[in-house]
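Residue numbers (the working numbering): 50 to 147. Just so you know, even glycine gets a beta-carbon here, dropped at the ideal spot from N, CA and C.
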């Protein structure tokens, strides 16, 4: 059982480290006001400061991954990875469109 807990910790640490590295990269390229919500016509309804928006990137996968910590439920690592990819994709779209 401890073998799987160690693998879970290592996997979650790698996901979190990847998220921190991506957050550092995105911080340099995102606009000062990052769009968070768009209307149906494409106009921006809500923005968030770059610092807070970048903080979401490592925190969300970490929080999701910690949900499966006690049971070593690996599906939560999958969800954390999907969240990391999803947020990164949104940030890339914002960078390209700005």
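For residue i, three-class secondary structure by DSSP
| i | result |
| --- | --- |
| residue 80 | coil |
| residue 57 | helix |
| residue 121 | coil |
| residue 147 | coil |
| residue 52 | For residue 52, the pLDDT reaches just 49, beneath the cut-off of 50, and the residue's location in the model is therefore unreliable, leaving the point undetermined. |
Euclidean distance between Cα positions of residue i and residue j
| i | j | result |
| --- | --- | --- |
| residue 141 | residue 147 | 10 Å |
| residue 68 | residue 106 | 6 Å |
| residue 73 | residue 55 | 27 Å |
| residue 119 | residue 108 | 19 Å |
| residue 123 | residue 57 | 7 Å |
| residue 132 | residue 110 | 6 Å |
| residue 112 | residue 90 | 33 Å |
| residue 86 | residue 76 | 19 Å |
| residue 100 | residue 59 | 27 Å |
| residue 137 | residue 70 | 11 Å |
| residue 83 | residue 116 | 28 Å |
Nearest-angstrom Cβ-Cβ length linking residue i and residue j, presumed shorter than 8 Å
| i | j | result |
| --- | --- | --- |
| residue 126 | residue 64 | 7 Å |
| residue 61 | residue 114 | 4 Å |
For residue i: DSSP bridge partner residues
| i | result |
| --- | --- |
| residue 86 | 95 |
Residue of the options minimising C-alpha distance to residue i
| i | options | result |
| --- | --- | --- |
| residue 139 | 102, 59 and 117 | 102 |
| residue 66 | 118, 129 and 98 | 129 |
| residue 145 | 59, 80, 104 and 71 | 80 |
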